[in-house]
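Shown next, in structure tokens, is the structure this report addresses.
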Amino acid sequence: MFEYDLLCGDCADSADPSGGLVAVCAGCVARADEWASMVGWRGEPEVRHLDRDLLGTWSTRGCSAMPLSAKSLAALPGGWLVLTATGLVEIPDDGPLGDAEPLAEAEPEEDDPRRENEPALHVSPDGRFAAVVIDYGRHGQLRDRRTGQLVRRLDRGDYHPDVQVFPATFAVVDGATVLIAGSDWNRLDAFDPETGRCLTERPTDDTNAEHYLDYFHAGLLLSPSGRLLCDDGWLWHPVAAPAIVDLTAWLGGDPHAAEQPRFLAERWGDWGEPIAWIDEDTIAVQRIGPDELAMIDGIMIHSVATGERMGVFAGPAGPMWGHDGLLYVTAADGLEVWDPALGARIGLLRDFHPIGHNPMTGAFAELADGRLRTWTRSSEKPGRLHPNG
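One point on numbering: in the numbering used here, the residue at position 292 of the sequence shown is 277, and numbering is uninterrupted.
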């Protein structure tokens, strides 16, 4: 799928860099990847395009609600919810826009010239609860949309919140909806979204060494089943280390499961890249290479159980979602569809740049220029269908 030669600096600069190559076992390759100091790539990788027409359903409607950011659109059971300058606005699949649901006054964020605070919206699967947080900021708020009440203010502390997105997501565990959110730089908690009560009280500070985790929590992403949580955090100093938390264990009796995650492969400095679940057993992480100073665009596929790298292919770059075993990437030319089994792009919806995805229906949504445009891929064999918008 993706082949390359691993050379030392002297060999790479020699007249015949391939002359001294030898075949080694997989274990040696893994150790070389782990311990070698990558300084760069020579040449350009092959990017495989096996594009075919993508069969799907399009819809377009006028929409005056404008999102505050690229992370301000979330799926509802019967439409979409958008975070606007005036509050939350519901966009039903059928019918007029809802009235703006005003938010509580936001907590002030510290100005930091290195990062621009970016609002992000998270919504429970049933659409009742919403969490509005500030990525690269400290604060957020949990709201009950049914009552219009502020349920809880969220605060992850003042220790370097500017260097990662705010960890927050809704999950359904044993039939109960919970909000998982950062409550300190190195702590996640689960909250009852109806009352705001913390469901995971336990000691985790450095006086309790057995359960202390020196880890900066960041973006949270549920597995297809909702049983596992991928935490795109990092270790000091600074090593990207996506981690897997078993939610059923954590909320089912093991109070410290969040402090004992399974780590995927570590990479120097490069956290915050797009991540997507391919299926319950494998995760795709964008950018290829062990160090942010020497990376190329593409995908590394990891085993959830072991962290082992299962595959690599070049090409994808941009916001990414996984659905039914495929990867969907919002790239410069439009929405790309990639098949990780082939390591190739299998389709492109040109000039379609979605910022929202419904994991239940598979719909993708673009909200720009006064219109909402959605596309849902058909499960039938590929055929010909073009946008109507």
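By construction, the Cβ of each residue, glycine as well, lies at the ideal position given by its N, Cα and C atoms. A quick note: this is a predicted structure, and the numbers were derived from the prediction, not measured.
C-beta atoms of D120 and V150 nearer than 8 Å: Here residue 120 refers to the residue found at position 135 when the sequence shown is read from its first residue. Here residue 150 refers to the residue found at position 165 when the sequence shown is read from its first residue. The answer is yes: Cβ separation under 8 Å.
Bridge-paired residues (DSSP) for L135: In the sequence shown, counting from the first residue as 1, residue 135 sits at position 150. Its beta-bridge partners are R128.
Sheet register partners of Y313 (DSSP bridge): In the sequence shown, counting from the first residue as 1, residue 313 sits at position 328. Looking at the DSSP assignment, Y313 forms a beta bridge with W306 and V322.
Helix, strand or coil at G160 [DSSP, three-state]: Counting from 1 along the sequence shown, the entry for residue 160 is found at position 175. Of the three classes helix, strand and coil, the one that applies to G160 here is coil, per DSSP.
Test item: CB-CB of I281 and G296 under 8 Å: Position 296 of the sequence shown, counted from the start, is the residue given in the question as residue 281. Position 311 of the sequence shown, counted from the start, is the residue given in the question as residue 296. For I281 and G296, no; Cβs fall outside 8 Å.
Cα-Cα separation between L6 and G25, rounded to whole angstroms: Your numbering for residue 6 matches position 21 in the sequence shown. Your numbering for residue 25 matches position 40 in the sequence shown. If you take the alpha carbons of L6 and G25, they lie about 18 Å apart.
Environment of C13 [buried if 16+ CB atoms lie within 10 Å]: In the sequence shown, the residue the question calls residue 13 occupies position 28. Classification for C13: exposed.
Minimum C-alpha distance to R138 - residue among R131, L88, Y144 and N102: Here the question's residue 138 lines up with position 153 in the sequence shown. It is L88 whose Cα lies nearest to the Cα of R138.
Proximity of L184 and D190 at Cβ, strictly below 8 Å: The residue you call residue 184 lines up with position 199 of the sequence shown. The residue you call residue 190 lines up with position 205 of the sequence shown. No; because the gap between Cβ atoms is not below 8 Å, this pair is not in contact.
P77 - partner residues in DSSP beta bridges: Taking the sequence shown and counting its residues from 1, the one referred to as residue 77 is at position 92. Note: P77 sits in a beta bridge opposite G64.
Start-end ranges of the alpha helix (DSSP H) lying completely within the stretch 221 to 253, minimum 4 residues: 232 to 235
Cβ-Cβ separation, R358 to E351 (assumed contact under 8 Å), whole Å: Your numbering for residue 351 matches position 366 in the sequence shown. Your numbering for residue 358 matches position 373 in the sequence shown. With 8 Å as the limit, E351 and R358 qualify as a contact, their Cβ atoms being about 5 Å apart.
Sequence-distant residues of the same chain with beta carbon closer than 8 Å to W389, five excluded per side: A query on residue 389 cannot be resolved here, the shown segment of the chain reaching from -14 to 374 and no further.
Where A105 falls: helix, strand or coil (DSSP): Along the sequence shown, read from residue 1 onward, the residue named residue 105 stands at position 120. Three-state DSSP puts A105 in a strand.
Alpha-carbon spacing of L106 relative to T69, whole angstroms: Looking up residue 106 in the sequence shown gives position 121. Looking up residue 69 in the sequence shown gives position 84. Looking at the two C-alpha atoms, the distance is approximately 10 Å.
Among L207, R123, V314 and L82, nearest to E265 - alpha-carbon criterion: As a first step, residue 265 is located in the sequence shown; it is residue number 280 there, counting from the start. When only C-alpha atoms are compared, the closest one is L207.
Close beta carbons around G374, own chain, < 6 Å, minus the five adjacent residues each side: The residue you call residue 374 lines up with position 389 of the sequence shown. Only weak support is given to the placement of G374: the predicted model assigns it a pLDDT of 40, under 50, and the question is left unresolved by the model.
3 or more residues per run - each beta strand (DSSP E) lying fully within the stretch 255 to 280: 260 to 264 and 267 to 276
Close beta carbons around H34, own chain, < 7 Å, minus the five adjacent residues each side: Along the sequence shown, one-based indexing puts residue 34 at 49. Cβ within range, chain order: A329 and R330.
E(-12) burial status per 10 Å Cβ neighbour count (16 or more: buried): Position 3 of the sequence shown, counted from the first residue, corresponds to residue -12. E(-12) comes out exposed.
Selection from M345, R356, G355 and G133 that minimises the alpha carbon distance to G63: Residue 63 sits at position 78 when you count from the first residue of the sequence shown. When only C-alpha atoms are compared, the closest one is M345.
I263 beta carbon less than 8 Å from that of G307: Position 322 of the sequence shown holds residue 307. Position 278 of the sequence shown holds residue 263. Contact flag set, yes.
6 Å Cβ shell around A(-3) - same chain, five flanking residues per side excluded: Position 12 of the sequence shown, counted from the first residue, corresponds to residue -3. Nothing meets the Cβ criterion.
Cβ shell of D336 (< 6 Å), same chain only, five flanking positions each side left out: Locating residue 336 in the sequence shown gives position 351, counting from the first residue. Answer for D336: G319, listed in chain order.
For P301, the nearest candidate out of L278, A234, P275 and E321 (CA to CA): Here residue 301 refers to the residue found at position 316 when the sequence shown is read from its first residue. Checking every option, the nearest Cα to that of P301 belongs to E321.
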